[in-house]
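**Q**
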Amino acid sequence: MKNLAALILVAALMPGLAVASTEQPVMPQAGVVINTAENMHSRSNTDTDVVSQALLGMNVKILKAERNAKGEDWYDIETPDTYKGWVVGSSLRLLKPGDKPYASAGKVFVVMSLFANTYREPDVTEHRPVKVAPISSVLEFVLEADDRWLQVVLPCGTKAWVQAGDGEIREAPWSWPRTTPDDMVALSKRFLGIPYLWGGTSPRGLDCSGFAQLIYKMSGRPILRDADIQFEGSGLETVAPGDERAGDLVFFGRAKDKIGHVGMMISTEEFINATTHEKPVVQISRLKDAYWQHIYQGARRAK
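Position in the sequence shown counted from 1, then plus 419, gives you the numbering used here.
1) Mapping DSSP to helix, strand and coil, what is Ser-653?
2) Run the CB neighbour count on Gly-435, radius 10 Å, all protein chains shown included, and call it buried at 16 or more, exposed below.
3) Per DSSP, what kind of secondary structure is His-713 in: helix, strand or coil?
4) Comparing C-alpha positions only, which one of Val-479, Thr-498, Thr-657 sits nearest to Lys-515?
5) With a threshold of 16 other CB atoms inside 10 Å of the CB of Glu-663, please say whether the residue is buried or exposed.
6) Only counting runs of 3 or more residues, tell me where the beta strand (DSSP E) segments fall wholly within the stretch 655 to 694, in order along the chain.
7) Return the chain-ordered list of same chain residues with a C-beta closer than 6 Å to the C-beta of Leu-513, the five sequence neighbours on each side being excluded.
8) Let's test the definition: count the other Cβ atoms within 10 Å of the Cβ of Asp-585 and tell me whether it reaches 16, buried, or not, exposed.
9) What residues in its chain sit with their C-beta under 7 Å from that of Val-452, if we drop five residues either side in the sequence?
10) By DSSP, does Gln-448 sit in helix, in strand, or in coil?
11) Beta-carbon within less than 7 Å of Glu-457's beta-carbon, same chain only, minus the 5 sequence neighbours each way: which residues are those?
12) From Ala-484 to Tyr-502, what does the alpha carbon distance come to, in whole angstroms?
13) Roughly how many angstroms lie between the CA atoms of Ala-646 and Gln-570, to the nearest whole one?
14) For the beta strand (DSSP E) holding Pro-600, just list the boundary residues, first then last.
15) Which class does Ser-704 belong to by DSSP, given the choice of helix, strand or coil?
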């Protein structure tokens with residue numbers, strides 16, 4: 420309190436000096452992500468490492484609130500897959516007690532394109548997009564204007580227009596239907612060439628477990644984040660060596676208790692993965708290659 424009083428006195432004597440508030444922000448219980456792909460940090464500072472990303476329209480729990488030395492409000496959040504990390508307050512619309520979670524009732528628009536641009540009016544030429552929604556985002560539906568355009572309410576509360584060809588209209592609560600392994604392979608190949616990004620969970624950039632989690636989620640097989648957790652803690656069945664097939668996850672590391680990489684089989688010989696090996700993009704690799712065999716630790720299959 421003495422330090423705060425001293426700062427207030429200095430500010431009074433020097434009106435031109437801006438003093439960041441040290442008071443803690445209000446502690447809400449929930450929020451919704453309003454940015455395309457918001458970095459989640461290990462601590463309440465952008466200079467810390469990124470642990471994952473929260474995507475546009477994602478409803479999150481708020482575990483802690485903190486105001487840093489710059490006067491920025493930060494929140495320790497938990498995403499629907501139970502992953503935790505810190506995001507800056509400006510990336511969230513905070514929900515009040517009694518507010519319903521975003522896109523949790525009525526009709527919703529599920530983004531199926533890698534990215535869907537949203538606009539102020541039903542026209543792609545008049546203004547730049549209001550917001551970009553990544554694949555798998557679920558937006559609140561308002562009305563269908565014609566065969567091409569429909570209106571949505573973005574997580575920030577702004578109404579915008581999106582092209583119908585970028586997704587599908589569904590009823591909330593939405594859950595992804597279980598698809599076939601062939602469908603999983605086709606979906607995964609849409610991401611070929613997407614850059615590798617540590618902590619990435621969207622087509623702006625993906626890391627290995629973020630990529631595997633996204634494909635499995637959109638295929639009706641939700642799993643947790645991080646390769647080591649997916650190997651041991653996502654309820655997947657062990658696959659015997661030599662029995663790997665399309666749709667199975669394959670894991671790599673120095674040992675079974677040191678898993679650091681994951682990919683998904685697209686045949687009995689090849690797997691697709693987001694990796695920095697040789698080139699930092701989503702790419703197809705051969706399981707029997709010496710590089711991968713040296714660190715291969717086993718495969719897992721959804722029940």
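Virtual Cβ for every residue (Gly too), placed ideally from N, Cα, C.
**A** By the coordinates alone:
1) coil
2) The predicted position of Gly-435 is uncertain, since its pLDDT is 46 and thus under 50; a value taken from the coordinates is nonetheless stated next. Burial call: exposed.
3) helix
4) Val-479
5) buried
6) 656 to 658, 668 to 672, 678 to 684, 689 to 694
7) Pro-447, Gly-450
8) buried
9) Ala-473, Leu-474, Leu-475, Gly-476, Met-477, Val-479, Ser-510, Leu-511, Pro-574
10) coil
11) Gln-472, Ala-473, Val-506, Ser-510
12) 17 Å
13) 38 Å
14) Taken as a continuous stretch (DSSP letters only), Pro-600 belongs to no beta strand (DSSP E), being part of the alpha helix (DSSP H) at 600 to 608.
15) strand
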